[in-house]
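First up is the structure itself, then whatever we jot down about it.
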Amino acid sequence: MSPVKAASELKPENERHVAPDFALKDSDGKVVHLSDYKGKVVVLDFWATWCGPCRIEIPWFTDLQRNQKDKGFEVLGVSMDDEGWEVVKPFLSEVGVNYRVVMGNDSTAQAYGGVDALPTTFLIDRDGKIAAVHVGLANKKDIVDGVEKLLQTAPKVADNRVADPASSSGAK
Amino acid sequence: MGEVQKVAGKRGAAVQVKIPLAVDPGYHVNSDKPSLDYLIPLKLTWDKATMGALEGGGVVYPKATQEKYDFEEKPLSVFTGNFDLTASFKVAANAPAGPGIASGKLKYQACSNKACYPPKTVDVSIPYQVQ
Numbered sequence: 001m002s003p004v005k006a007a008s009e010l011k012p013e014n015e016r017h018v019a020p021d022f023a024l025k026d027s028d029g030k031v032v033h034l035s036d037y038k039g040k041v042v043v044l045d046f047w048a049t050w051c052g053p054c055r056i057e058i059p060w061f062t063d064l065q066r067n068q069k070d071k072g073f074e075v076l077g078v079s080m081d082d083e084g085w086e087v088v089k090p091f092l093s094e095v096g097v098n099y100r101v102v103m104g105n106d107s108t109a110q111a112y113g114g115v116d117a118l119p120t121t122f123l124i125d126r127d128g129k130i131a132a133v134h135v136g137l138a139n140k141k142d143i144v145d146g147v148e149k150l151l152q153t154a155p156k157v158a159d160n161r162v163a164d165p166a167s168s169s170g171a172k
Numbered sequence: 001m002g003e004v005q006k007v008a009g010k011r012g013a014a015v016q017v018k019i020p021l022a023v024d025p026g027y028h029v030n031s032d033k034p035s036l037d038y039l040i041p042l043k044l045t046w047d048k049a050t051m052g053a054l055e056g057g058g059v060v061y062p063k064a065t066q067e068k069y070d071f072e073e074k075p076l077s078v079f080t081g082n083f084d085l086t087a088s089f090k091v092a093a094n095a096p097a098g099p100g101i102a103s104g105k106l107k108y109q110a111c112s113n114k115a116c117y118p119p120k121t122v123d124v125s126i127p128y129q130v131q
């Protein structure tokens, strides 16, 4: 098991790496790409229903979605539940999650460094780059402050939202 | 998981085996009876097809401890540190004399105070000798 890393500050812009794109299905079966969120600040939350710390953070993300959505912000949840929507859908209804959730898989987790510990939360800037990673239960203020800082910054590049490892390797 | 001692018994005899487990400092696993519905319990199961000469396999879990963590208001029922599971078998009446291995599956899910790790299932092997 990996040790839990401390929550981090926003990385300087020149040290940020492009967030890998993915194609994952939401609860309606619709395919969602990270690149769909081009130009927005995104909180990308890897979580699971069996994860207590994840359950603490989800209401924070619901508040953020409600308060910041109109400013070019979105939360995107990635469930890592092996049991799939059968367990995730009831939980989303029970908690009143107001943002999109997709079903994750091992290849997506690997693209994001393995995501061994949950929750793991990525703050992604308007240019599609990873500005911060929080492994384990984060400090709410770190998340909120990070999002607010990122929202104050305009996108620098018009069309380089994501790097798609599949397309660069020729895989489909 | 620690080493499981070999068990020996005559046909029809009742035998018990201790399965020693260890959780790293700073981590815990949910007990066999977690405090909350959403938590995944520790569970040792046997499949008749892989039990060889042993039958039964009832498991006695140790008494869990109640620990408070940052992510829950109330203490949780968990196992930490070193502990044993005890499994009870009966040597099959028609078992051939000699050695064998019975195997089962141990499922658990671990967390620290701040993060949780995906549930894992590991093989548990019980070496035995039918006398």
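Going down the list, the protein sequences come from chains P and S. Residue numbers for the first sequence, in our numbering: 1 to 172. Residue numbers for the second sequence, in our numbering: 1 to 131. Backbone N, C-alpha and C define an ideal beta-carbon position, used for all residues, glycine too.
Candidates the options: which alpha carbon is nearest residue i's?
i, options, result
"S125/S", "V17/S, R11/S, A13/S, K10/S", "V17/S"
"C54/P", "P127/S, C116/S, Y128/S", "C116/S"
"G52/P", "Q131/S, N113/S, V122/S", "N113/S"
"P119/S", "E83/P, V43/P, R126/P", "E83/P"
"P155/P", "A23/P, K40/P, L24/P, V135/P", "K40/P"
"S77/S", "P62/S, G52/S, D84/S", "P62/S"
"P99/S", "A92/S, P127/S, D123/S", "P127/S"
"K140/P", "V102/P, W60/P, K38/P, L92/P", "W60/P"
"V78/P", "I143/P, D142/P, D26/P, V135/P", "D26/P"
"V60/S", "K33/S, Y27/S, C111/S, D123/S", "K33/S"
"Q131/S", "Q66/S, K107/S, A97/S", "A97/S"
"F79/S", "Q129/S, I19/S, N30/S, Y108/S", "N30/S"
So, with DSSP's three-state summary, where would you put residue i?
i, result
"Q16/S", "strand"
"S2/P", "Caution applies to S2/P, whose pLDDT of 40 falls short of 50 and renders its modelled position unreliable; the value that the coordinates give is listed next. Three-state DSSP puts S2/P in coil, outside helix and strand."
"R11/S", "coil"
"N160/P", "Reliability fails at N160/P, whose pLDDT of 48 lies under 50, so the model's placement of it is uncertain and no value is given."
"L10/P", "coil"
"E94/P", "helix"
"I101/S", "strand"
"I143/P", "helix"
"L137/P", "coil"
"P165/P", "Note that P165/P scores a pLDDT of 42, beneath 50, so its modelled location is shaky; the value from the coordinates is reported in the next line. Residue state, collapsed to three classes: helix."
"S107/P", "helix"
My guess is that residue i and residue j are in contact by the Cβ rule of under 8 Å, so how many angstroms apart are they, rounded?
i, j, result
"L76/P", "V42/P", "6 Å"
"L44/S", "G81/S", "No, L44/S and G81/S are not in contact; Cβ-Cβ is about 18 Å, not under 8 Å."
Can you give me the start and stop residues for the alpha helix (DSSP H) that residue i sits inside?
i, result
"D82/P", "Looking at the DSSP string, D82/P is not in any alpha helix (DSSP H), and its letter there is neither H nor E."
"E57/P", "52 to 68"
"I126/S", "Element bounds for I126/S: not the alpha helix (DSSP H) but the beta strand (DSSP E), 120 to 130."
When the Cβ atoms of the segment 3 to 10 of chain S are set against those of the segment 33 to 44 of chain S, are three or more pairs found closer than 8 Å? Because the criterion of three Cβ pairs below 8 Å is not met, the segment 3 to 10 of chain S and the segment 33 to 44 of chain S do not touch.
Between the segment 138 to 157 of chain P and the segment 40 to 56 of chain S, do at least 3 Cβ pairs fall closer than 8 Å? The segment 138 to 157 of chain P, when compared against the segment 40 to 56 of chain S, does not touch it at the 8 Å Cβ threshold.
Is the segment 93 to 105 of chain P close to the segment 122 to 134 of chain P, with three or more CB pairs under 8 Å? Proximity of the segment 93 to 105 of chain P to the segment 122 to 134 of chain P falls short of the contact definition, fewer than three beta-carbon pairs being nearer than 8 Å.
Counting Cβ pairs closer than 8 Å, one from the segment 8 to 27 of chain S and one from the segment 90 to 97 of chain S, do we hit at least three? Yes, since at least three Cβ pairs between the segment 8 to 27 of chain S and the segment 90 to 97 of chain S fall closer than 8 Å, the two stretches touch.
Below 7 Å between beta carbons is the criterion; list the residues of the segment 70 to 83 of chain S that meet it against any residue of chain C, in chain order. The structure shown has no chain C; the protein chains it does contain are P and S.
Cβ contact (3+ pairs, closer than 8 Å) linking the segment 137 to 151 of chain P and the segment 20 to 35 of chain P: Not touching, per the Cβ criterion.
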